[in-house]
Amino acid sequence: MTIMTTKQLSAKISSIGKSAEKFAGDVQEALIHCGFYVMKDGNTTPLNQLLDAVGTGTRLKGLTTWAELFLPVRIKDERFVVNKHAAKEQRVSNEDEYAEYRAAMEAAPRWDKIVGKEKPESIWDSGKYLARVIKKLSDEGDAELAEAIKAAELAYRIRQNAVLPKVPASEAA
18 MTIMTTKQLS
28 AKISSIGKSA
38 EKFAGDVQEA
48 LIHCGFYVMK
58 DGNTTPLNQL
68 LDAVGTGTRL
78 KGLTTWAELF
88 LPVRIKDERF
98 VVNKHAAKEQ
108 RVSNEDEYAE
118 YRAAMEAAPR
128 WDKIVGKEKP
138 ESIWDSGKYL
148 ARVIKKLSDE
158 GDAELAEAIK
168 AAELAYRIRQ
178 NAVLPKVPAS
188 EAA
């Protein structure tokens, strides 16, 4: 394999950005069309197929957030299901009835823009990782373990950052 020149690499990266933008636009279009089938007859199959196609991470959060805000659906067991209460309000029988919903969805923020921008994060930042673990433990009702981990982390950081007194060379020997 030959390594790309910086010019070739720059062109490749630019192409990735354009592909990502096209992908996001295609997903938005598919979401809006999936909405018609959900509102018409409660068919969540196309929406769940889109969910599978999009992948994981921020993309998944953006897609599910957008769908739950604009469509009569909710997530249950990692799949879209019809939100029966909302579906009573958002029912259509044909494309003409759907046109008003479609216009509102097209005017709304795109699915990949609706959640906050994810920032690059180092996998080596143990403090952030432990903070998430502690929060999850606290939320799940294991406050005692959360406190024990906090105390252990504090003791570790103190030990790592402690300035030990210098021992004169004559006493060290």
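18 is the number of the first residue of the sequence shown in this note's numbering; add one for each residue after it.
Each residue gets a CB set at the ideal place from its N, CA and C atoms; glycine is no exception.
*Smallest Cα separation from Ala47: which of Ala103, Arg127 and Trp141?*
Arg127
*Do you know how far the Cα of Gln45 is from the Cα of Lys39?*
10 Å
*Of the residues Arg119, Gly74 and His50, the one placed nearest Val135, counting alpha carbons only*: Rather than Val, the amino acid found at residue 135 in this sequence is Glu. The shortest Cα separation from Glu135 among Arg119, Gly74 and His50 belongs to Gly74.
_Length-filtered (4 minimum) alpha helix (DSSP H) runs lying within the segment 66 to 129_ = 75 to 87, 101 to 106 and 112 to 124
*Using a Cβ-Cβ cut-off of 6 Å (strictly less than) and excluding sequence neighbours within five positions of Ile131, which residues of its own chain qualify?*
Gly79, Thr82 and Trp83
_Could you tell me the alpha carbon to alpha carbon distance between Lys167 and Arg174, rounded to whole angstroms?_
11 Å
*When the Cα of Arg76 is compared with those of Asp94, Pro89 and Ala41, which residue comes out closest?*
Ala41
*Taking 8 Å as the threshold, find out whether the segment 20 to 29 comes into contact with the segment 57 to 65 through three or more Cβ pairs.*
no
*Please report the residue range of the alpha helix (DSSP H) in which Asp58 lies.*
Thr23 to Asp58
*Take Glu123 as the anchor and find which of Asp159, Ile30, Asp43 and Lys152 has the nearest alpha-carbon.*
Asp43
*Do Ala116 and Phe87 come within 8 Å of each other at the CB atom, strictly closer than that value?*
no
*Integer-rounded CB distance, given that Val55 should sit under 8 Å from Val99*: 7 Å
_If you reduce the DSSP assignment to three classes, tell me which class Lys153 lands in._
helix
*Apply the 10 Å Cβ neighbour rule to Gly52 and answer buried if 16 or more other Cβ atoms are within range, or exposed otherwise.*
buried
*Measuring CA to CA, which of Pro137, Gly133, Leu162 and Leu68 is closest to Leu147?*
Leu162
_On the criterion of 16 or more Cβ atoms from any shown chain inside 10 Å, does Asp69 qualify as buried, or is it exposed?_
exposed
*asked:* Given this structure, state the Cα-to-Cα distance separating Lys105 from Glu114, to the nearest angstrom.
replied: 14 Å
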